[in-house]
Amino acid sequence: MHIETLTISQARKDLDEKKYSAVELAEAYVSRIEKNADLNMYREVFTDVIEQAKKADAMISAGTQGSLCGIPISIKDNVLIKGRLAGGASKILEGYCAPYDATVIKKIKAEGGVFLGRTNMDEFAMGSSTENSAYGPVKNPCDESRVPGGSSGGSAASIASNCALASLGSDTGGSIRQPASFCGAVGLKTTYGTVSRFGLMSMGSSLDQIGPITKSVEDAKTFFDVLKGHDPLDSTSLPESAYTKEKHTVKKIGVPRGLLTAGVDEAVLLNFEETLKKLEAKGYEIVDIELPYAEYALAIYYIIMPAEVSTNLSRYDGIRYGLHIDGSGVDDEYSRTRSEGFGPEVRRRILLGTHILSAGYYDAYYVKAQSARKLLINAYTEVFKTVDVIATPTSPILAPKIGAVEDPISMYLLDVFTVTANLTGMPALSVPSGDVDVEGKKLPVGFQLTAPHMQEERLFAVGYDIEGVR
Ligand code: GLN
20 MHIETLTISQ ARKDLDEKKY SAVELAEAYV SRIEKNADLN MYREVFTDVI EQAKKADAMI
80 SAGTQGSLCG IPISIKDNVL IKGRLAGGAS KILEGYCAPY DATVIKKIKA EGGVFLGRTN
140 MDEFAMGSST ENSAYGPVKN PCDESRVPGG SSGGSAASIA SNCALASLGS DTGGSIRQPA
200 SFCGAVGLKT TYGTVSRFGL MSMGSSLDQI GPITKSVEDA KTFFDVLKGH DPLDSTSLPE
260 SAYTKEKHTV KKIGVPRGLL TAGVDEAVLL NFEETLKKLE AKGYEIVDIE LPYAEYALAI
320 YYIIMPAEVS TNLSRYDGIR YGLHIDGSGV DDEYSRTRSE GFGPEVRRRI LLGTHILSAG
380 YYDAYYVKAQ SARKLLINAY TEVFKTVDVI ATPTSPILAP KIGAVEDPIS MYLLDVFTVT
440 ANLTGMPALS VPSGDVDVEG KKLPVGFQLT APHMQEERLF AVGYDIEGVR
């Protein structure tokens with residue numbers, strides 16, 4: 020087997036034709052993980068990987084395999100797998116063992132997928148570089164002096180280093196797409212409500228979606244097909260009737276040129292323009308578009324997200340989960356446990372969120388941000404009457420060096436192109452569109468496509484053309 024070029028679809032064929040077994044495939048991945056331990060991608064490699072692979076082989080022999088049967092998959096540390104530790108890369112959850120399976124995990128288990136381990140991430144998914152993990156940063160396999168992006172940095176790095184064939188990430192403001200772009204992987208943030216959030220550690224509940232990080236667009240589609248579907252355990256899960264069967268041919272790609280100004284790296288812009296030219300040569304019409312309110316997306320996100328964070332993270336009280344520090348009374352225990360257990364970025368967002376939701380500021384910040392969010396959704400809906408998809412770079416810059424982005428605001432600015440899909444609930448895909456030579460290393464660049472709700476198929480169609488597979 021050629022792990023470097025292996026995809027889910029190729030492995031599926033090989034496994035079904037018995038070219039190699041799921042056990043052999045799993046062994047190959049486990050040995051690669053051991054060799055790449057210094058990248059700090061995995062928080063834990065499971066000790067029963069081979070046992071799981073044996074079960075997958077039995078399913079293949081019995082002819083009961085699903086599309087992910089025997090596929091070695093890494094799972095972000097914020098998705099619950101029954102009976103296994105789950106930490107959100109936070110000290111506050113040290114020792115916490117998941118009492119049930121997330122819905123997505125149940126679905127992968129039913130297919131016969133093989134879980135390799137839990138991937139490192141920014142604490143509770145807050146960050147864009149994986150430097151906010153309580154367990155040290157992940158190194159980017161393309162250049163180990165650089166970050167892999169975040170917050171699903173361990174997941175993206177596990178794909179880039181061929182230490183997993185597919186990975187599960189979560190995306191609240193770009194956490195699947197941005198690390199995928201920094202690591203040269205494909206990352207899909209699906210329509211809000213298509214993939215169940217049951218069993219995902221909540222960050223911003225109106226923004227969070229679980230989704231795949233893979234090596235090809237086809238694999239992202241295969242994985243998404245397994246993950247999606249109505250789940251009565253998630254009240255925001257879309258009903259089956261929301262899934263349209265109608266096919267839509269993508270002809271027009273809209274480019275919001277007004278957003279591609281200050282702060283976007285020249286090499287990123289160059290790659291973006293070249294990719295647009297290639298798409299034009301394939302017959303797509305590239306049109307300039309205005310996206311009213313898009314310039315406010317970051318401001319809206321960094322109000323709504325911390326507000327939801329502060330509410331969601333109130334559950335970590337030192338009593339129900341993980342860390343507990345004794346104090347003089349209940350308030351003292353809360354405060355000691357939360358001060359000790361949460362890292363600085365998480366504390367910052369809880370403080371911001373609490374302030375935003377406080378009586379005197381709720382209207383000025385939260386209510387206003389919600390109104391602006393509505394305007395943004397309306398603006399996108401209008402624009403999608405004139406174009407089929409919208410294209411931007413995934414990130415304004417290439418992967419920075421570890422430690423280079425020091426202040427939080429500069430880090431937040433990296434999310435400028437990704438947060439909109441979360442605010443609007445629309446699906447977005449990051450596809451590798453080439454790389455740039457920097458200091459003798461090849462740094463990947465990602466091209467982001469956004470489509471209207473439930474139109475993931477449009478993203479895949481253009482994605483295949485960017486990959487050049489058709
Ligand atoms: N980088 C963004 C943030 O820090 C997005 C995080 C995410 O998608 N989980 O909020």
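Our numbering applies: residue 20 is where the sequence shown begins, and numbers increase by one. Glycine included, C-beta positions come from ideal geometry on N, C-alpha and C.
Classify asparagine 397 as buried or exposed, calling it buried when 16 or more other Cβ atoms lie within 10 Å of its own Cβ. exposed
Cβ contact (3+ pairs, closer than 8 Å) linking the region 119-139 and the region 349-366: no
Alpha carbon to alpha carbon, what distance is there between glycine 218 and lysine 240? 22 Å
If you count every other CB in all the chains shown that lies within 10 Å of the CB of threonine 499, and 16 or more means buried, which is it? Within the shown structure, residues of the chain are numbered from 20 to 489, placing residue 499 beyond reach of any answer.
Assigned secondary structure, phenylalanine 134 (DSSP; H/G/I helix, E/B strand, else coil): strand
Check whether chain D comes within 8 Å of glycine 102, counting only Cβ atoms and requiring the distance to be less than that. Note that chain D does not occur in the displayed structure, where there is just one protein chain.
Cβ-heavy atom distance between glycine 193 and the ligand GLN below 7 Å? At least one heavy atom of the ligand GLN sits closer than 7 Å to the Cβ of glycine 193.
Starting from phenylalanine 436 and walking both ways along the alpha helix (DSSP H), at which residues does that stretch end? Unbroken run through phenylalanine 436: none, as it is neither H nor E.
Within this structure, are the beta carbons of valine 205 and serine 235 separated by less than 8 Å? yes
Any idea what DSSP makes of phenylalanine 201, helix, strand or coil? Three-state result, phenylalanine 201: helix.
Sort Arg51, Pro118, Ala81 by Cα distance to proline 91 and report the nearest one. Arg51
When we look at the beta-carbon of glutamate 401 and count the other beta-carbons within 10 Å, is it buried (16 or more) or exposed? exposed
How big is the Cα-Cα spacing for lysine 74 and leucine 207? 29 Å
In angstroms with no decimal places, state the Cα-to-Cα distance between serine 260 and proline 325. Answer to the nearest angstrom: the Cα atoms are 32 Å apart.
Is methionine 145 a contact residue of the ligand NAD, with contact defined as CB to any heavy atom under 7 Å? Of the ligands this structure carries, namely the ligand GLN, none is the ligand NAD.
Hey, would you say glutamate 364 sits closer than 8 Å to glutamate 142, going by beta carbons? yes
Residues of its chain near glycine 193, where Cβ-Cβ distance is below 6 Å and the 5 sequence neighbours each way are ignored: Asp434, Thr437
Would you mind stating whether tyrosine 320 and leucine 394 have Cβ atoms separated by less than 8 Å? No, the pair does not count as a contact, with Cβ atoms beyond the cut-off.
Lysine 420, buried or exposed, once every other Cβ within 10 Å from all chains shown has been counted against 16: exposed
Under 7 Å Cβ to Cβ from aspartate 227, same chain only, skipping five residues before and after it: list those, please. Counting only residues of its own chain and dropping the five nearest sequence neighbours on each side, aspartate 227 has a CB closer than 7 Å to the CB of Ser189, Thr191, Arg216, Leu219, Ser221.
Three-state secondary structure assigned by DSSP to isoleucine 229: strand
Starting from tyrosine 381, trace the beta strand (DSSP E) both ways and give me its first and last residue. Per DSSP, tyrosine 381 belongs to no beta strand (DSSP E) and is neither H nor E.
Taking the alpha-carbon positions, what's the serine 186 to lysine 247 distance? 15 Å
From tyrosine 384 to leucine 371, what does the alpha carbon distance come to, in whole angstroms? 11 Å
Using the Cβ count rule (16 or more neighbours within 10 Å means buried), how would you classify tyrosine 431? buried
CB contact flag (proline 156, asparagine 59, <8 Å): yes
C-alpha gap between lysine 126 and threonine 209, whole angstroms: 17 Å
Through-space distance from glycine 362 to valine 450, alpha-carbon basis: 32 Å
Within 10 angstroms of the Cβ of glutamate 299, are there 16 or more other Cβ atoms? Answer buried if so, exposed if not. exposed
Whose C-beta lies closer than 7 Å to the C-beta of aspartate 307 among residues of the same chain, with five residues either side of it excluded? Val274, Arg276
Hey, would you say phenylalanine 201 sits closer than 8 Å to asparagine 159, going by beta carbons? yes
In angstroms with no decimal places, state the Cα-to-Cα distance between methionine 20 and alanine 176. Answer to the nearest angstrom: the Cα atoms are 21 Å apart.
Range covered by the alpha helix (DSSP H) that runs through proline 363: 363-375
Where isoleucine 322 falls, given that 16 or more other Cβ within 10 Å makes a residue buried: buried
With a threshold of 7 Å (Cβ to nearest heavy atom), would glycine 282 be considered close to the ligand GLN? no
Proximity winner among Ile409, Ser225, Met445, Ala45, relative to asparagine 331 (alpha-carbon distances): Ser225
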